[in-house]
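J.: Let me begin by handing over the structure; questions about it come next.
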Amino acid sequence: MAHEDIRYTLLTLLAVVLVSIIVTKRRRRLLPLPPGPPSLPLIGCFLSIPKRDAFMAAAASVTLAIAYGYKVAPQGDSLVEMLEESAKLAIEATLPFASAVNDIPGLKYLPGWFPGMGFKARAKHCRTVLHEVLNAPLEDVQRSMADGTAVQSLASELLKANEASGGGAEGYDAIRDVTGSVYTAGAETTSTAVNSAILALVLHPDVQWRAQAEIDSVIGRDRLPDFDDRASMPYVDAVCREVIRWKIVNPLGLPRRVRSDDVYEGHFIPKGALLFPNTWAIVHDPERYPEPFSFKPERFLLEDGSLNDDEVQMKFGFGRRICPGRHVADASVWIMVSSILAVFDICHAKGEHGKEIPIDETCIDGLVSRPLPFECAIVPRDAKAATLIRSLA
Ligand code: HEM
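Start counting the sequence shown at 1; every next residue gets the next number (full-length UniProt numbering).
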């Protein structure tokens, strides 16, 4: 089988395994709490670790469990740190004008000591990080399969299938890339979406109050939301949709290379050209989304308060390369946002003399567009919420 075919077969298998894992988990109700490191679920995290780490730990714990059955340590997990480093490098490398060698490939022939050749050392560092990030967790799965301690994961299922079908080293390489892409593609994107939700909520307290009122009226104050509550809380869903429309995670999606010369609406597109879908423009189209830069969850609600049918699907890409983790992503963002809202108020942080620290809502450019770090306070809503949080930590 050609390498390309193996990859597509594995991606299809990936989609099937992802869906079956979600369905099984939902059936067995294994997700009563928001996802997070098992010993310290997301809500508990906020009491003890910085919020940026809490988002990442929660998002990574979902994708790493799916990909490798890996359990994330509550703090300072070396794989999560490596993952963050690789995401940072990927974002930097895809910034416009990230490196002159992208535009002038001939530069790669100059020696490393030549002025301006810093990209060579960066490329070497990227290779080392990528090698580690792709290989280390898969080797762990192989070891645990050999000693009989492996838990079910995408990697263990694919490795078993590869062995049964005699896929050999070529199959192994494809499995390494596919499982690696699950968690590299899933953790940074999901944590970015939750980060943007926090930004939206701190800037729009009215939205926060309305969402909290809805949650309180549906589930009361003695527990966190779970997936069965979702259909009864359309406003919270509308908030999640608006978050990703407002600060689209992948503003230019992922590029496609054109296989043959083409003409589109009079524009000649030569074979080999790299095309970026301008998703950002679609979700900021003023005809489709009036006042596109305003944060307005109600644009996703019908007059009777129920959700309309616009799920902003393009946030997950298009065609056969559409994000295979979209259902996991959608569920993860919803459970994190609704759980945070159920027990926390998100407010402006106060600086000297009790003055609010202003927030810059700019996002960094790149493959994944994340809000610049901002200060805010995430505090239990009241004594009742504090008691619930403590019971979960
Ligand atoms: C809010 C969170 C997420 C967003 C916004 C997002 C968005 C995207 C987008 C735009 C693409 C490119 C699709 C295309 O080329 O048309 C993509 C690809 C991908 N995503 Fe996601 N994603 C998210 C979460 C996840 C999660 C949780 C997983 C895994 C559990 C995942 C796994 C993948 C993989 C493996 C690919 C590459 C597919 C391929 O190469 O064909 N994503 N995602």
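All C-beta atoms, glycine included, are put in the ideal place defined by N, C-alpha and C.
State whether the segment 236-256 contacts the segment 200-211, with contact taken as three or more CB pairs (one from each stretch) at a distance under 8 Å.
T.: Yes: at least three Cβ pairs fall under 8 Å.
J.: Please list the terminal residues of the continuous alpha helix (DSSP H) segment that includes Asp330.
T.: Arg326 to Val343
J.: Hey, could you find the ends of the alpha helix (DSSP H) Tyr172 is sitting in?
T.: Gly168 to Leu203
J.: By the three-class DSSP mapping on this structure, what secondary structure does Leu307 have?
T.: strand
J.: Distance, Cα to Cα, Asp177 vs Asp226?
T.: 33 Å
J.: Looking at Phe119 and Ser99, is the spacing between their C-beta atoms short of 8 Å?
T.: yes
J.: Starting from the C-beta of Leu158, find all residues in its chain whose C-beta is less than 6 Å away, skip the five residues before and the five after it, and write them out in chain order.
T.: Same-chain partners within the cutoff: Ile175.
J.: CA-CA distance, Asp206 and Ser191?
T.: CA-CA distance, Asp206 to Ser191, rounds to 23 Å.
J.: Are the segment 225-240 and the segment 338-352 touching, with three or more C-beta to C-beta distances below 8 Å?
T.: Enough Cβ pairs lie closer than 8 Å, so yes.
J.: Looking only at its chain, what residues have a beta carbon closer than 7 Å to the beta carbon of Ala90, apart from the 5 residues adjacent to it on each side?
T.: If we look at Ala90 and ignore the five residues flanking it on each side, its Cβ neighbours are Leu367.
J.: Is it the case that the segment 204-221 contacts the segment 275-292, given that we only count it when at least three CB pairs across the two stretches are under 8 Å?
T.: Fewer than three pairs of CB atoms, one per stretch, sit closer than 8 Å, so the segment 275-292 makes no contact with the segment 204-221.
J.: Taking only the alpha-carbon atoms, compute the straight-line gap between Val80 and Pro292 and give it to the nearest angstrom.
T.: 35 Å
J.: On the three-state DSSP scale, how would you describe Val151?
T.: Note: Val151 maps to coil in three-state DSSP.
J.: Determine the closest residue to Arg256 out of Ala150, Gln142 and Ile322, with distance taken between C-alpha atoms.
T.: For the residues Ala150, Gln142 and Ile322, the minimum Cα distance to Arg256 belongs to Ile322.
J.: Rounded to whole angstroms, what is the Cα-Cα separation between His348 and Asp222?
T.: Separation of His348 and Asp222 (C-alpha to C-alpha, rounded to the nearest whole angstrom) is 26 Å.
J.: Between Lys315 and Thr362, how many whole angstroms is the CB-CB distance? I'm expecting something under 8 Å.
T.: Incorrect: roughly 20 Å between the Cβ atoms, too far for contact.
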